[in-house]
Amino acid sequence: AQKVTQAQTEISVVEKEDVTLDCVYETRDTTYYLFWYKQPPSGELVFLIRRNSFDEQNEISGRYSWNFQKSTSSFNFTITASQVVDSAVYFCALSDEAMEYGNKLVFGAGTILRVKS
Amino acid sequence: DAGVTQSPTHLIKTRGQQVTLRCSPKSGHDTVSWYQQALGQGPQFIFQYYEEEERQRGNFPDRFSGHQFPNYSSELNVNALLLGDSALYLCASSVERVGNEQFFGPGTRLTVL
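Residue numbers (my numbering), protein chains in the order written: chain P, 1 to 117; chain R, 118 to 230.
As structure tokens, this is what we get:
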């Protein structure tokens, strides 16, 4: 069965600090996809990144970077020089090919990030 | 290009009533998924529709049903509402393919009294 664990319930940082959000996943499939979504107070989930299981290259997009390590089943997300606008709930999610059709997402419980000015 | 839209934004119902939530997918998307997000939790998958058929379902009772129309829009129906059905209901659309990213709407906040 698929499972995503985000052990950090809530993180508080001061603006300009770097912060890393952890994500550990479980799946029996060899082909799977990992995602990060941001949920600001408005409630709408905003897609940030998708990574497939065959691509372990780390990715950087502006102040955001992602570290995918299959050996530890982790897909961690780092925000460099955090800003107040980064305050939100961040979700890690997994989709695998265990099902014949469909691409349901299995979400972690989320990490609340509070960035103080 | 309009994103995923949902209606209504908020809804208040009483126990035992029935409710219908609506979703229009992003332009070009043919697959619609519904998720339930209880307060302080991650979204939970309810079901997914493609080509007007439910092709995948999460661990939700039959009180939860849905429909997809030829224009790819979708409805989520919940019968015999319980207090525990109070949640944010999120609709997501995607292009049919395993692993494709799903784009979410703003959600419908359902309160059951």
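The C-beta atom is built at its ideal place from N, Cα and C for all residues, glycine as well.
Bear in mind the structure is a predicted one, so any value in this text is a computation, not a measurement.
Compare the C-beta of residue i with all C-beta atoms of chain P and state if any pair is closer than 9 Å.
i	result
G183 (chain R)	no
F177 (chain R)	no
G216 (chain R)	yes
R226 (chain R)	yes
L205 (chain R)	yes
G133 (chain R)	no
A189 (chain R)	The amino acid occupying residue 189 (chain R) in the given sequence is Tyr; Ala does not appear at that position. So, not an interface residue.
A209 (chain R)	yes
Q165 (chain R)	yes
P160 (chain R)	yes
Q153 (chain R)	no
G222 (chain R)	yes
S311 (chain R)	This structure gives no information on residue 311 (chain R), because the portion of chain R shown stretches from 118 to 230.
Got a sec? Which residues, its chain only, sit under 6 Å from residue i by beta carbon, not counting five neighbours each side?
i	result
F77 (chain P)	L21, W36 and W66
R139 (chain R)	S124 and E192
G120 (chain R)	K143
Could you tell me which of the options sits nearest to residue i, measuring between CA atoms?
i	options	result
Y25 (chain P)	P:I11, P:F68 and P:Q57	P:F68
T126 (chain R)	R:R214, R:S211, R:L205 and R:S191	R:L205
T111 (chain P)	P:S95, P:A7 and P:K3	P:A7
A93 (chain P)	P:S61, P:S82, P:Q83 and P:L105	P:L105
H184 (chain R)	R:G216, R:C208, R:P223 and R:Y166	R:Y166
E192 (chain R)	R:P142, R:G120 and R:N176	R:P142
L199 (chain R)	R:V121, R:G224 and R:V136	R:V136
T60 (chain R)	R:F220, R:A197 and R:F221	Because chain R spans 118 through 230 in this model, residue 60 (chain R) falls outside it and cannot be assessed.
R63 (chain P)	P:E17, P:F91, P:S73 and P:T80	P:T80
E15 (chain P)	P:S82, P:Y90 and P:F91	P:S82
D147 (chain R)	R:N194, R:R214, R:S203 and R:I163	R:R214
May I ask which residues mark the beginning and end of the beta strand (DSSP E) holding residue i?
i	result
R122 (chain P)	A query on residue 122 (chain P) cannot be resolved here, the shown segment of chain P reaching from 1 to 117 and no further.
C140 (chain R)	V136 to S141
D86 (chain P)	That residue, D86 (chain P), is in no beta strand (DSSP E); it is neither H nor E in DSSP.
F181 (chain R)	F181 to Q185
Can you find a C-beta in chain R that's less than 9 Å from the C-beta of residue i?
i	result
K70 (chain P)	no
V46 (chain P)	yes
S73 (chain P)	no
F107 (chain P)	yes
N58 (chain P)	no
G43 (chain P)	yes
R50 (chain P)	yes
K104 (chain P)	yes
A93 (chain P)	yes
V24 (chain P)	no
With a CB to CB cut of under 7 Å and the five nearest residues on each side skipped, what residues in its chain are close to residue i?
i	result
I129 (chain R)	T228 and L230
S12 (chain P)	R114 and K116
N217 (chain R)	S211
Leaving out the 5 sequence neighbours to the left and right, which residues in its chain are closer than 8 Å to residue i when beta-carbon positions are compared?
i	result
P187 (chain R)	E169
Are there 16 or more other CB atoms within 10 angstroms of the CB of residue i, so buried, or fewer, so exposed?
i	result
S211 (chain R)	buried
A209 (chain R)	buried
P160 (chain R)	buried
A88 (chain P)	buried
G108 (chain P)	buried
F54 (chain P)	exposed
G224 (chain R)	buried
V85 (chain P)	exposed
Measuring from the CB of residue i, is there a heavy atom of the ligand MN at a distance below 8 Å?
i	result
Y25 (chain P)	Looking for the ligand MN in the displayed structure turns up nothing, as the structure carries no ligands at all.
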